[in-house]
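For reference, each letter of the sequence shown is one residue, going 0 to 750 in numbering that gives the first Met the number 0.
Following: one structure in structure tokens, then a few remarks.
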Amino acid sequence: MMIQSVDLTNCDREPIHIPGSIQPHGMLLAIDLATLKIIQVSNNTFEFLERQPQDLIGKSLSALFDSQQINTIQQCLNGDFESLNPLHLYIKHQGKNLRFDGIVHQWDGVALLELEPKKMKGKANFFGFYQQVKGVITKIQKAGTMQQMCQVVVQEVRKITGFERVMIYRFDDDETGIVVAEDTNQDIPYLDLRYPPSDIPKQARQLYMRNWLRIIPTSNYQPVELIPTNNPLTNQPLDLSLSVLRSVSPIHLEYLQNMGVAASMSISLVQDKKLWGLIACHHSSAKYIPYSLRAACEFIGQVMSLELANKEASEDRDYKIQLKSLQTQFVESLSQAEHFLDGIAQMGSELLALVSATGAVVCSRDRLICIGETPLETDIPPLLNWIKPQLQDNLFHTRSLSQVYPAAESFKAIASGVLALEISKIHQNYIIWFRPEVMQTVNWGGNPHKPVEVLDDGSSRLSPRKSFSLWQQTVNGCSLPWKHCEIAAIAELRSLIVGVILRQADELALVNMELRRSNEELDSFAYVASHDLKEPLRGIHNYANFLIEDYGDILNEDGVAKLQTLVRLTQRMENLINSLLHFSRLGRAELIRQPVNLHDLVQQAIATLTISRPQDQVDFRIPQTLPIVECDRAQVNEVFTNLIGNAMKYNDKPEKWVEIGFLSTTDKPATSPYTFYVRDNGIGIPQEHQEERVFQIFRRLHGRDEYGGGNGAGLTIARKIVERHGGKIWVESTINQGSTFYFTLTAEAMG
Ligand code: ADP
């Protein structure tokens, strides 16, 4: 076969289902289903029947079979031909009955009747078939592992058929075939050998899915062509996909001959509608296996195919038990951690054990947490960017990263295997696991890279390898492969994480709602209470004054003094109520944000304070010009006024000073907050009160009238304002040396 290009995929394009010829160990009759007339025959009818093809073409089936047999054939065509084949047919010839195994299929309006002469005496019956397979099936089911099952099958198939070598090929993910079990009487074992994907081209695999058993009794046979060449109904070559006699690709025959194989049989092993592997049988001389034995082998192949899933499942069982316990720990750790990424990272070695990895990175938009052996932190972001478009169903995995991502060459020793999981695209949360490079020696059946031959005339020809002797290749840049169950475990992990996050988000939303509701209730209670209390209070105040004015003369000194105290107390209470009202209004009023020049604002606040407290001699310091910040001017003014006022008040030093500034902002991103401070050299605040007490409403650390008095609401109001702006307020202080109040404000929308 001449092929122009040396591209190996040419082999994939050979139309092997329409070879136009069959193997010579039987004959084929194509019958028009509408008329039951023979329309095509193989050019070997004379050998079997002493009748030339031309004698048969156009004839009705009755020219060969009696009416009872024709009925049987028709029944087979109408029914489930898979289970009815083979038919035991005979054709009368010179007073003798020529006996055949008849195999019938229909395809595209044409029935294919293939006749193989019976070589065994007697009728193969159901009982014989049952005897052959029942023991094997029990053994297959009893086998504890996949490997044991494969071994049982090669031994039993060899026992039934007598082939010299029976093997099981399993196809790897890259379609390489690996011999995983073997029973042979030959010297050289093929166990563990690999065959490159080009050894079994794609369309051959497709046919193997439709037709579970193939046999080639003699690999150096002469193909028998069909007469006429094309199907006269369609004028196209006859589709022989389902034919058992179909002639095999000359490339495949040459391949077998190069391997020293004269007869071969192969049975498909199928799992989840995919070709999992093959039972491959070889013989160094011609060998014919009668249909009944082939049916037994095919049945064994089908039972093994069904059992594959069970065996894989039991192999995975231990792993799954271990996995479940890891997953439980995971969920626990996730639910306890404040942020789920920390929860994942805390898992440490368990995170690695989950998929037998040696390193992992937990990534979010602004953070990387590396666990175990990983590439450098600087290598991760570009790797992640490369992985993102490759993700499928949130997953990406490879066992040889440097082959697909050349930049990984420098860290292939620790990260040849990569398994990446996307947890959230929006939040840029990913986990990447790594496996190290494992130097591996692969035993090939012949050099897999040399199936191309250059002919004398200089043209290239796709030719199967001539040498099948062991050819070793060292594979580098590869890690151990990620198992299906490991990849599945990671997919499951994602739904666990997402489940935990969603639950936490729900809980948080609930708590937030509660909090907002109770805050609103509190605000409106404070408002109503303070608003409604003012009126009777004013009444008490007025009436106490009326009493002094109208009855001052009648009352003695003590009575007047008590009334005056009453008036003072009502004033104090009004003052408190006003503060409360003001505080509750703060929680209800909308913030009016606008760019505010804080430098001007602070200077005005100082000016106002100095006017109202002329007795205080204070040195005010503003070391840098304060920035412009987007905020509510009146409220922020109140914060500065309260803090600066306190700094002036709570100071007993002869030389008082107050400094107002903000912390250095080098490298400050536009949206991160400014930290302002108001510092004094005053009396200081005891450590135990710095955290909470000074910020509580109506709490003073001093007697009512000490340090110029006050009602203890200033800092509470300041905190409320800062928090409404999304900031924080706190104090650092040393007793007798001074205090510094800090608060943050975000320069929002200024950038
Ligand atoms: P007040 O009206 O009493 O000043 P604040 O809420 O402003 O109320 O302050 C609460 C208490 O915190 C004050 O009574 C005072 O004891 C203490 N305090 C506030 N600022 C300072 C400061 N700069 N130095 C020392 N103590 C302070």
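Ideal Cβ positions, reconstructed from N, Cα and C, are used throughout, including at glycine.
These figures come from a predicted structure and were not determined experimentally.
Next on the checklist: What does the alpha-carbon distance come out to for the pair L642 and F740?
Outcome noted: 7 Å
Next on the checklist: Looking at the secondary structure, which residues open and close the alpha helix (DSSP H) in which T815 lies?
Outcome noted: Outside the shown range of the chain (0 to 750) lies residue 815, about which nothing can therefore be said.
Item to check | DSSP state of S517 mapped onto helix, strand, coil | outcome: helix
Item to check | Stretch pair the segment 501–516 + the segment 340–360: three plus CB contacts closer than 8 Å | outcome: no
Checklist entry - Nearest to A419 by CA position, among R398, I425, V721, F410, is which residue? => result R398
Checklist entry - In three-state DSSP terms, what is H688? => result helix
Checklist entry - How is the beta strand (DSSP E) around L590 delimited, first residue to last? => result First-last for L590: undefined, no H or E at that position.
Checklist entry - Using the C-alpha atoms, what's the distance from G476 back to Q402? => result 7 Å
Item to check | From T183, I38, L277, residue whose alpha carbon lies closest to that of N229 | outcome: I38
Item to check | D198 versus A312 - alpha carbon distance | outcome: 30 Å
Next on the checklist: Can you confirm whether the segment 213–221 touches the segment 258–277 when touching is taken to mean that 3 or more C-beta pairs between the two stretches lie within less than 8 Å?
Outcome noted: yes
Item to check | Beta-carbon proximity check, C75 vs L63, cutoff 8 Å | outcome: no
Checklist entry - Expressed to the nearest angstrom, what Euclidean distance is found between the alpha-carbon atoms of L492 and G726? => result 37 Å
Next on the checklist: Is any non-hydrogen atom of ligand 1 found closer than 7 Å to the C-beta of A604, if you look at the structure I gave you?
Outcome noted: no
Item to check | Touching by the beta-carbon criterion (3+ pairs, under 8 Å), the segment 320–330 and the segment 233–250 | outcome: no
Checklist entry - Can you tell which of L232, V269, Q270, Y220 has the C-alpha that lies nearest to the C-alpha of S246? => result Y220
Item to check | Simplified DSSP assignment, three categories, for N596 | outcome: strand
Next on the checklist: Below 7 Å, is the gap between the Cβ of E738 and the nearest heavy atom of ligand 1?
Outcome noted: According to the sequence as given, residue 738 is Ser; it is not Glu. Yes, Cβ of S738 sits closer than 7 Å to a heavy atom of ligand 1.
Checklist entry - Sorted by chain position, which residues of the same chain lie with C-beta nearer than 8 Å to I69's C-beta, five sequence neighbours on each side aside? => result L35, L60, S61
Next on the checklist: Under 7 Å: does the beta carbon of G709 sit that close to some heavy atom of ligand 1?
Outcome noted: yes
Item to check | Endpoints, the alpha helix (DSSP H) within which D54 is located | outcome: 52–55
Checklist entry - For H581, which of helix, strand or coil comes out of DSSP? => result helix
Next on the checklist: Buried or exposed for Q22, going by 16 or more other Cβ atoms inside 10 Å?
Outcome noted: buried
Checklist entry - Does ligand 3 have even one heavy atom less than 7 Å from the beta-carbon of T715? => result You won't find ligand 3 in this model; what it holds is ligand 1.
Next on the checklist: I want to see whether chain C comes within less than 8 Å of N43, judged by CB atoms only; does it?
Outcome noted: The structure shown contains no chain C; it is built from a single protein chain.
Checklist entry - What is the C-beta distance between Q602 and R632, in whole angstroms, given that I count them as a contact (C-beta under 8 Å)? => result At roughly 14 Å, the Cβ-Cβ gap does not stay under 8 Å, so Q602 and R632 are not in contact.
Next on the checklist: Three Cβ pairs or more, each shorter than 8 Å: is that satisfied between the segment 556–567 and the segment 581–591?
Outcome noted: no
Checklist entry - Do S415 and L394 come within 8 Å of each other at the CB atom, strictly closer than that value? => result no
Checklist entry - Where E155 and Y168 are concerned, what is the direct C-alpha to C-alpha distance, given to the nearest angstrom? => result 16 Å
Next on the checklist: Beta-carbon within less than 6 Å of S578's beta-carbon, same chain only, minus the 5 sequence neighbours each way: which residues are those?
Outcome noted: N710, A712
Item to check | Stretch pair the segment 271–285 + the segment 40–60: three plus CB contacts closer than 8 Å | outcome: no
Checklist entry - With 16 as the cutoff for other CB atoms within 10 Å, does P18 come out buried or exposed? => result buried
Next on the checklist: Looking only at its chain, what residues have a beta carbon closer than 6 Å to the beta carbon of Q634, apart from the 5 residues adjacent to it on each side?
Outcome noted: I720
Item to check | Cα-Cα separation between W432 and E376, rounded to whole angstroms | outcome: 14 Å
Checklist entry - For E408, which of R316, G78, L382, Y429 has the nearest alpha-carbon? => result L382
Checklist entry - Mapping DSSP to helix, strand and coil, what is H483? => result helix
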